[in-house]
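Colleague: For reference, the structure I am asking about is given below.
Number of protein chains: 2
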Amino acid sequence: MKIAVYGKGGIGKSTTSCNISAALAKRGKKVLQIGCDPKHDSTFTLTGFLIPTIIDTLKDRDYHYENVWPEDVIYQGYGGVHCVEAGGPPAGAGCGGYVVGETVKLLKELDAFDAYDVILFDVLGDVVCGGFAAPLNYADYCLIVTDNGFDALFAANRIAASVREKARTHPLRLAGLIGNRTNKRDLIDKYTSVVPMPVLEVLPLIDDIRISRVKGKTIFEMAEKAPHLQPVCDYYLNIADQILARPEGVVPQDAPDRELFNLLSDF
Amino acid sequence: MKIAVYGKGGIGKSTTSCNISAALAKRGKKVLQIGCDPKHDSTFTLTGFLIPTIIDTLKDRDYHYENVWPEDVIYQGYGGVHCVEAGGPPAGAGCGGYVVGETVKLLKELDAFDAYDVILFDVLGDVVCGGFAAPLNYADYCLIVTDNGFDALFAANRIAASVREKARTHPLRLAGLIGNRTNKRDLIDKYTSVVPMPVLEVLPLIDDIRISRVKGKTIFEMAEKAPHLQPVCDYYLNIADQILARPEGVVPQDAPDRELFNLLSDF
Ligand SMILES: Nc1ncnc2c1ncn2[C@@H]1O[C@H](COP(=O)(O)OP(=O)(O)O)[C@@H](O)[C@H]1O
Ligand SMILES: Nc1ncnc2c1ncn2[C@@H]1O[C@H](COP(=O)(O)OP(=O)(O)O)[C@@H](O)[C@H]1O
Ligand code: SF4
Ligand SMILES: [Mg+2]
Ligand SMILES: [Mg+2]
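These protein sequence lines map, in sequence, to chains A and B.
The numbering used here numbers the first residue of the first sequence as 2 and each following residue consecutively.
The numbering used here numbers the first residue of the second sequence as 2 and each following residue consecutively.
Rendered as structure tokens:
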């Protein structure tokens, strides 16, 4: 099964992805997480450090795939989760789509692309152009991380539109929304009333989550020494369980931008 | 003179751009503002409503440029500032670069591209790939809007790297940083100690600015009935005056990502 986690930059995609990967590992699954954000810090809390990107490694070897071994690009993280960072297009040139394409190509060469129970793509969702939509070509499900604000929901709607576009030619479905860092959900509910989709979980702002990232650990690793954090782990286990149940998912309806501005913005 | 304003999504690029455009108009300049964000709400506080995008208009006319008139795509805003929204690539397909390219092509056909004292591009800066770097091909100066946080400064560094790349083949310079919605500037100063560049202004979070956007007005229009807002206008007049003085600008130095993580992140 392949999952693509999308959301606006800084919304908590990587924090959420690492904890979902750790939760899937707790459920006995062999997981590979692939970071697809130019910030290339997706897998930081799984490995505890910034791993080299695929693009950097390929450049070092003059793009000779035959000189790249799995251990050069795939790193072991917490709970046995394997980690890869695609990296971003060189600033001011190149294309996000090319980077994702090269990453998948290399993983296939290394016979790694189909060796996992779950592959999770962590993808920047500010600009869902042809390039950054590339991971959707490989995904069974898309998950969208959002808060309760206009900008993140506007980005969520563009991501949903990309899923609708790709679902015409791929077996892709939207598994739903994950609310993050918010106690309120009135705008999330307004949005899903216009574009129906499941809301898998809503996580409030939890300082322990922020601290776990500073320490370079998932919340699961933190909970080993601080059992009171188990309820925080449960948010992510709940998400993992819903995905492992292979939900129907949706092909999202179209909500034109103007409708979204009227519905959600304070203009 | 052509300026490109970049920054992470939601950082305040459009609010800052509209107020700079209004300030330039106060200095007697004929200004055109071009929004290059898929959110296409760049010029909202200048016009008071969401204007149709170039891409939507071209699509309506089957891409027959000869059937498009200036008044179909160029709208009058506050202070005589002219407004255009490029729009974004269709979700899940297309490219940001194509949209910017089509916009500039159409404005040239309409003899509009060189009819202004100042053209200001308001561009999303989360992913500065070849596509979203396209406005830099036309710009004399780039301005970067940031807050005092890691994510916005990481985006700022990629934007700076794009300026360095483009400055090799174009007469482009980085005019500097604009701090926004922040009372602190310790991380901004740390960043500029490693990558020297001018800091044109630092604006705190000012509730009147937030309100002006809700009302669909620039701070300049608000100040006509509420003179106590003049000090807020002065921030933008100060930025406009620095740009009109045709500063030297810089070709930013290279700061590798790892250095930025060590310097600015709490990892
Ligand atoms: N539920 C949460 N509660 C508190 N902090 C959070 C939560 N989720 C994410 N964060 C914090 O938000 C910041 C951005 O998260 P990150 O995962 O890097 O975002 P993204 O990958 O979308 O850019 C990090 O500092 C992280 O610790
Ligand atoms: N200095 C400021 N003080 C208070 N609010 C601000 C300030 N600058 C921008 N804002 C608010 O921040 C939000 C995002 O601004 P916007 O200009 O739309 O960002 P962007 O164009 O970068 O996506 C808006 O609600 C705006 O009113
Ligand atoms: S397709 Fe997207 S990532 Fe690729 S160059 Fe265009 S805007 Fe950039
Ligand atoms: Mg991330
Ligand atoms: Mg904007």
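Glycine residues also receive a C-beta, built at the ideal position from the N, C-alpha and C atoms.
When every heavy atom of ligand 4 is checked, does at least one fall within less than 7 Å of the C-beta of S15 (chain A)?
Modeller: As a position in the first sequence, residue 15 (chain A) is number 14, starting the count at 1. Yes, the beta carbon of S15 (chain A) sits closer than 7 Å to at least one heavy atom of ligand 4.
Colleague: Cβ of R182 (chain A) within 7 Å of any heavy atom in ligand 1?
Modeller: Translated into positions along the first sequence, residue 182 (chain A) becomes position 181. Yes, Cβ of R182 (chain A) sits closer than 7 Å to a heavy atom of ligand 1.
Colleague: Got a sec? Which residues, its chain only, sit under 8 Å from F45 (chain B) by beta carbon, not counting five neighbours each side?
Modeller: The residue given as residue 45 (chain B) occupies position 44 in the second sequence. Correct list, in chain order: S15, C19, L51, R214, G217.
Colleague: Skipping 5 residues on each side, what residues in its chain have a beta carbon closer than 7 Å to that of V200 (chain A)?
Modeller: Numbered from 1 along the first sequence, position 199 holds the residue referred to as residue 200 (chain A). Result list for V200 (chain A): G177, L178, G180, I189, T193, in chain order.
Colleague: What does a CB cutoff of less than 6 Å around A24 (chain A) pick up in its chain, not counting 5 residues either side in sequence?
Modeller: Numbered from 1 along the first sequence, position 23 holds the residue referred to as residue 24 (chain A). Around A24 (chain A): Y237, L238, A241.
Colleague: State yes or no: is the C-beta of K40 (chain A) nearer than 7 Å to some heavy atom of ligand 4?
Modeller: Indexing the first sequence from 1 puts residue 40 (chain A) at position 39. Yes - ligand 4 has a heavy atom lying nearer than 7 Å to the Cβ of K40 (chain A).
Colleague: At 4 residues or longer, what runs of the alpha helix (DSSP H) sit wholly inside the segment 3-45 of chain A?
Modeller: You should have 14-27.
Colleague: Can we count G10 (chain A) as close to ligand 1, meaning its CB is less than 7 Å from some heavy atom?
Modeller: Position 9 of the first sequence, counted from the start, is the residue given in the question as residue 10 (chain A). Yes; taking the cut-off as 7 Å, the Cβ of G10 (chain A) has a heavy atom of ligand 1 nearer than that.
Colleague: Rounding to the nearest angstrom, what Cα-Cα distance links K60 (chain A) and C96 (chain A) in this structure?
Modeller: The residue you call residue 60 (chain A) lines up with position 59 of the first sequence. The residue you call residue 96 (chain A) lines up with position 95 of the first sequence. Each residue's Cα considered, the two are about 16 Å apart.
Colleague: Throw me the rounded Cβ distance for the V82 (chain A) and S22 (chain A) pair, which I believe falls under 8 Å.
Modeller: Numbered from its first residue, the first sequence carries residue 82 (chain A) at position 81. Numbered from its first residue, the first sequence carries residue 22 (chain A) at position 21. 5 Å between Cβ atoms; contact.
Colleague: Using DSSP with H/G/I as helix, E/B as strand and the rest coil, what is Y139 (chain A)?
Modeller: Position 138 of the first sequence holds residue 139 (chain A). Y139 (chain A): coil per DSSP, three-state reduction.
Colleague: Should I210 (chain B) be counted as a contact of ligand 2 given a C-beta to heavy atom distance under 7 Å?
Modeller: Residue 210 (chain B) sits at position 209 when you count from the first residue of the second sequence. Within the cutoff, so yes.
Colleague: Does any residue of chain A have a CB that is nearer than 8 Å to the CB of A162 (chain B)?
Modeller: Walking along the second sequence from the start, residue 162 (chain B) turns up at place 161. A162 (chain B) counts as touching chain A.
Colleague: H83 (chain B) touches chain A at which residues, Cβ-Cβ below 9 Å?
Modeller: By 1-based counting over the second sequence, the position of residue 83 (chain B) is 82. What H83 (chain B) touches in chain A: nothing, since even the nearest Cβ is about 21 Å away.
Colleague: Closer than 7 Å to a non-hydrogen atom of ligand 6 - does that hold for the CB of C96 (chain A)?
Modeller: Among the ligands present in this structure, namely ligand 1, ligand 2, ligand 3, ligand 4 and ligand 5, ligand 6 is not found.
Colleague: Quick one: is T170 (chain A) buried, meaning 16 or more other Cβ sit within 10 Å of its Cβ, or exposed?
Modeller: By 1-based counting over the first sequence, the position of residue 170 (chain A) is 169. Exposed, since its Cβ has fewer than 16 Cβ neighbours within 10 Å.
Colleague: Is there at least one Cβ from chain B nearer than 8 Å to A94 (chain A)'s Cβ?
Modeller: Within the first sequence, residue 94 (chain A) is the residue found at index 93, counting from 1. Closer than 8 Å to some Cβ of chain B, the Cβ of A94 (chain A) qualifies, so yes.
Colleague: Do you know how far the Cα of V251 (chain A) is from the Cα of L33 (chain B)?
Modeller: Residue numbering aside, residue 33 (chain B) sits at position 32 when the second sequence is read from its first letter. Residue numbering aside, residue 251 (chain A) sits at position 250 when the first sequence is read from its first letter. Their Cα atoms are separated by approximately 42 Å.
Colleague: Does V195 (chain B) pass the burial test, meaning 16 or more other C-beta atoms within 10 Å, or should it be called exposed?
Modeller: Reading the second sequence from its first residue, position 194 is the one you call residue 195 (chain B). When all chains shown are included, V195 (chain B) counts as exposed.
Colleague: What's the C-alpha gap between E72 (chain B) and L204 (chain A)?
Modeller: Translated into the one-based positions of the second sequence, residue 72 (chain B) becomes position 71. Translated into the one-based positions of the first sequence, residue 204 (chain A) becomes position 203. Straight-line Cα distance between these residues: approximately 47 Å.
Colleague: Nearest-angstrom Cα distance between A26 (chain A) and H229 (chain A)?
Modeller: Locating residue 26 (chain A) in the first sequence gives position 25, counting from the first residue. Locating residue 229 (chain A) in the first sequence gives position 228, counting from the first residue. About 20 Å.
Colleague: Using a Cβ-Cβ cut-off of 8 Å, state whether L125 (chain B) counts as contacting chain A.
Modeller: Translated into positions along the second sequence, residue 125 (chain B) becomes position 124. It does: the Cβ of L125 (chain B) has a partner Cβ on chain A nearer than 8 Å.
Colleague: Helix, strand or coil: which one does DSSP assign to H229 (chain A)?
Modeller: Locating residue 229 (chain A) in the first sequence gives position 228, counting from the first residue. Reduced to three states, the DSSP call for H229 (chain A) is helix.
Colleague: Counting C-beta neighbours from all protein chains within 10 Å, is the total for K109 (chain A) 16 or more, i.e. buried, or is it exposed?
Modeller: Translated into the one-based positions of the first sequence, residue 109 (chain A) becomes position 108. So K109 (chain A) ends up on the exposed side.
Colleague: In the DSSP assignment, find the unbroken alpha helix (DSSP H) run with G98 (chain B) in it and report its ends.
Modeller: Reading the second sequence from its first residue, position 97 is the one you call residue 98 (chain B). Counting along the chain, the alpha helix (DSSP H) containing G98 (chain B) begins and ends at 97-110.
Colleague: If you scan the segment 173-245 of chain A from start to end, which runs of the beta strand (DSSP E) of 3 or more residues do you find wholly inside it?
Modeller: With a minimum length of 3 residues, the continuous beta strand (DSSP E) runs that stay inside the segment 173-245 of chain A are 174-181, 200-204.
Colleague: Can you pull the chain A neighbours of C234 (chain B), defined as C-beta to C-beta under 8 Å?
Modeller: Residue numbering aside, residue 234 (chain B) sits at position 233 when the second sequence is read from its first letter. What C234 (chain B) touches in chain A: nothing, since even the nearest Cβ is about 22 Å away.
Colleague: Pull up the CB-CB distance for I160 (chain A) and C143 (chain A), whole angstroms please, since I reckon it's below 8 Å.
Modeller: Translated into positions along the first sequence, residue 160 (chain A) becomes position 159. Translated into positions along the first sequence, residue 143 (chain A) becomes position 142. Confirmed, Cβ separation roughly 7 Å.
Colleague: Taking 7 Å as the limit between beta carbons, can you name the residues of its chain near F114 (chain B), skipping five residues before and five after?
Modeller: As a working mapping, residue 114 (chain B) is identified with position 113 in the second sequence. Correct list, in chain order: V105, L108.
Colleague: Could you give the first and the last residue of the continuous alpha helix (DSSP H) run that contains V164 (chain B)?
Modeller: Reading the second sequence from its first residue, position 163 is the one you call residue 164 (chain B). 151-167 is the extent of the alpha helix (DSSP H) around V164 (chain B).
Colleague: Going by DSSP, which residues form a beta bridge with F133 (chain B)?
Modeller: On the second sequence, position 132 is the one that residue 133 (chain B) refers to. According to DSSP, F133 (chain B) bridges with nothing at all.
Colleague: Run down chain A in chain order and give the residues with a C-beta less than 7 Å from the C-beta of P39 (chain B).
Modeller: Here residue 39 (chain B) is taken as the residue at index 38 of the second sequence, counted from 1. Within chain A, the residues near P39 (chain B) are V128, R159.
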